[in-house]
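So that you can map any letter, position 363 of the sequence shown is 370 in the working numbering, and since no number is skipped, the others follow by simple counting.
C-beta: ideal position from N, C-alpha, C; glycine also.
All remarks here apply to the structure that follows.
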Amino acid sequence: MAALNQHTGSWMMDDVSLPRPARSASPDRRLLRLLWILAVLCLALVLPHLAEQVQYAMTRGQLRARADQATKELDRLRDSAELVKLSDTSKAFRLVARRIEPSVVHIDTSQEVQLGRNASSDEWGFQFPPGRGRFERQGQGSGVVIDAEKGYVLTNFHVIQNASRVQVHLSDGRTVANDEIDVVGYDVLTDLAVLRVHALNLTEAAWGDSHELEAGDWVLAIGNPYGLDGTVTCGIVSATQRRGRGHGIYQNFLQTDAAVNPGNSGGPLLNVRGELVGITTAIIGEAYQGISFAIPSEVARKVYEQLKEQGRVARGWLGVQLQEIPPDVAKEFQLKGRAGAFVAGVLRGSPAEAAGIEPGDLIVEFNGQKIPSNMELPILVASTQPGTSVKVKVLREGKERELSVKITERPE
């Protein structure tokens, strides 16, 4: 019996260890699992958006707080000296813009361009029908009315260069057509031109003195960049007496950080009194980069007067070639650090040769003005009226000499 029970117990234990059929999961558990997966997916999708919205809300809150604080400060400073100064500056800018607006013009140009080397055929020799192979290149710029009665407008020469048609749009909406515009004269070396528009009721700008400007002074530029008429930008004078490129030996430029773009060329540069202190003429690169140049009014005014009266600019000529002082010469005659323009050569038949100026001379004074370096002498000579006799002081072999020179007109 015990053996049977033992056997039976063993059998019963073996029976218990047999695998049982798996019971299917209840519908409630499957639903809970599905809901849990959906919840995780929703959180994964929604949480980034919620975080983003929270960030936006925090930013908005910070901005509103700053705005509220600024409002309180402005209310507190409404009648204080600090805000009065700021308001005065803003008001001055508005008044400058209003004062010059009627004097600024928008200039449109077109130039007929011929494709290929032959007017009637292309590079393979195929014949063009009449009128084919040509197109008009469009250009634009700005200008400023200088003489309202006679209709004189000052602009850059490169604005109208090679133009076959010119139109001038006035601030009141009138357009002066090509046949009502005369080119009075132009000067390539300073990139200036004078137009005469046959129109009544013009408003002229007032000249200012660019010589008074210093680095840090406020200036405003007004023109038509990209055809946007009457665009006003402001900045400061970054530097004065910047030497230009090309023919820049005959003038120094004003450098500013006022925003200037294509279409501004020829427009006015103004001081805070609304006076014309420069003609905007160039930028670095193809678009605004914070560096722009203007022809100072002291140069522009002289060129304008000559173009108006003569149609051309007559420049004085001395006939010397300049270079930096060679180290051996500087050492021999103790010229290191000396101010002046070093004469490397004298042109045959020139006023300098006639006056006795020699290679190796250091010109230290011209017509009563000190010469700091080679840069200043060409400008002084060019601005001297041909036929004028001037005193020139030179340093030769350590001794100073004074010579009389009769300036003649610069050859073409």
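Alpha-carbon spacing of V47 relative to M65, whole angstroms | Between V47 and M65, the C-alpha separation is close to 26 Å.
Are the beta-carbon atoms belonging to L402 and V371 less than 8 Å from one another?
-> At a Cβ-Cβ threshold of 8 Å, L402 and V371 count as neighbours.
Determine the contact status of T182 and V226, defining contact as a CB-CB distance below 8 Å.
-> Remark: C-beta atoms of T182 and V226 do not approach each other more closely than 8 Å.
Could you name the residues of the same chain whose beta carbon sits closer than 6 Å to that of E299, not counting the 5 residues immediately before and after it, in chain order?
-> It is Ser, not Glu, that sits at residue 299 in the sequence shown. If we look at S299 and ignore the five residues flanking it on each side, its Cβ neighbours are T263, V267 and I290.
What's the C-alpha gap between V112 and E419?
-> V112 and E419 have their C-alpha atoms roughly 32 Å apart.
Pull up the distance between the alpha-carbon of V23 and that of P34, whole angstroms please.
-> Any answer about V23 is weak, because its pLDDT of 46 lies below 50 and its placement is not dependable; what the coordinates show is given next. Rounded to whole angstroms, the separation of the alpha carbons of P34 and V23 is 29 Å.
Say whether the stretch 228 to 240 touches the stretch 310 to 328, bearing in mind that this needs 3 or more beta-carbon pairs closer than 8 Å, one atom from each stretch.
-> The stretch 228 to 240 is not in contact with the stretch 310 to 328.
Would you kindly report the start and end of the unbroken beta strand (DSSP E) that includes E143?
-> E143: member of the beta strand (DSSP E) spanning R141 to D154, first to last residue.
Roughly how many angstroms lie between the CA atoms of Q258 and G68, to the nearest whole one?
-> Rounded to whole angstroms, the gap between the alpha carbons of Q258 and G68 is 55 Å.
List the endpoints of the continuous beta strand (DSSP E) containing P2.
-> This structure leaves residue 2 out entirely; the chain is present only between 8 and 419.
Report the rounded CA-to-CA distance for H176 versus T96, giving the unit in angstroms.
-> The straight-line gap separating the alpha-carbon atoms of H176 and T96 is approximately 30 Å.
Express the C-alpha separation of T238 and P109 in angstroms, rounding to a whole number.
-> Those two C-alpha atoms are separated by around 13 Å.
So the beta strand (DSSP E) H176 belongs to, where does it begin and stop?
-> Unbroken beta strand (DSSP E) run through H176: R172 to H176.
Within-8 Å CB hit, L50 to chain B | The displayed structure is made up of one protein chain only, and chain B is not part of it.
Tell me whether E419 sits in a helix, a strand or coil according to DSSP, three-state version.
-> If DSSP states are grouped into helix, strand and coil, E419 belongs with coil.
To the nearest angstrom, how far is it from the Cα of I44 to the Cα of L50?
-> Computed Cα separation, rounded: 10 Å.
Should I153 and T116 be called a contact, given that it needs their Cβ atoms to be closer than 8 Å?
-> No. Outside cutoff.
K400 and S411 look like a contact to me (Cβ under 8 Å); what is the Cβ gap, rounded to whole Å?
-> No, K400 and S411 are not in contact; Cβ-Cβ is about 11 Å, not under 8 Å.
By Cβ distance below 7 Å, which residues in the same chain neighbour R250 in space, the five residues on each side in sequence not counted?
-> Correct list, in chain order: N259 and M382.
Whole-angstrom C-beta distance between E282 and A445, which should lie under 8 Å | The displayed coordinates of the chain run from 8 to 419. Any statement about residue 445 would go beyond what the structure contains.
Mind reading off the beta-carbon distance from Q121 to N169? Whole number of angstroms is fine, and I expect it under 8 Å.
-> Wrong, their Cβ atoms sit about 12 Å apart, outside the cutoff.
Figure out for me which residue from V103, L369 and I188 has the closest Cα to the Cα of Q341.
-> Ranking V103, L369 and I188 by Cα distance to Q341 puts L369 first.
Pair within 8 Å by beta-carbon distance, T247 and A222 = Yes, Cβ-Cβ distance for T247 and A222 is below 8 Å.
Look up T96 in the DSSP assignment and say whether it is helix, strand or coil.
-> In this structure, T96 counts as helix in the three-state DSSP scheme.
Exposed unless 16 or more other CB atoms sit within 10 angstroms - verdict on L199 | The C-beta of L199 has 16 or more other C-beta atoms within 10 Å across all chains shown, which makes the residue buried.
Nonlocal neighbours in the same chain, by C-beta distance under 7 Å from Q376, ignoring five residues either side | Cβ within range, chain order: L387.
Those residues which DSSP pairs with N259 across a bridge | Looking at the DSSP output, N259 sits in a beta bridge with R250.
Put Q296 into one of helix, strand or coil per three-state DSSP.
-> Q296: coil per DSSP, three-state reduction.
To the nearest angstrom, how far is it from the Cα of V195 to the Cα of E156?
-> Going by the C-alpha atoms only, they are around 26 Å apart.
Which residues mark the beginning and the end of the beta strand (DSSP E) in which F349 is found?
-> A348 to V353 is the span of the beta strand (DSSP E), which, as asked, contains F349.
Applying the criterion that 16 or more other CB atoms from any shown protein chain within 10 Å of the CB defines a buried residue, is A265 buried or exposed?
-> It is buried - the Cβ of A265 has at least 16 other Cβ atoms within 10 Å.
With distances taken Cα to Cα, identify the nearest neighbour of N163 among T395, V336 and Y311.
-> Distances from the alpha-carbon of N163 to those of T395, V336 and Y311 put Y311 closest.
Let me know if Q145 comes out buried or exposed under the rule of 16 or more other beta-carbons within 10 Å of its beta-carbon.
-> Classification of Q145: exposed, given that the 10 Å Cβ count is below 16.
Short Cβ contact (8 Å threshold) for G192 with R319 | The answer is yes: Cβ separation under 8 Å.
Assuming S94 and G273 form a contact by the criterion Cβ under 8 Å, report the distance between their Cβ atoms to the nearest whole angstrom.
-> Contact doesn't hold; Cβ gap of about 32 Å is too wide.
Taking C-alpha atoms, which residue in V327, G347, A337 and P334 lies nearest to G356?
-> Taking each of V327, G347, A337 and P334 in turn and checking the Cα distance to G356, the smallest one comes out for V327.
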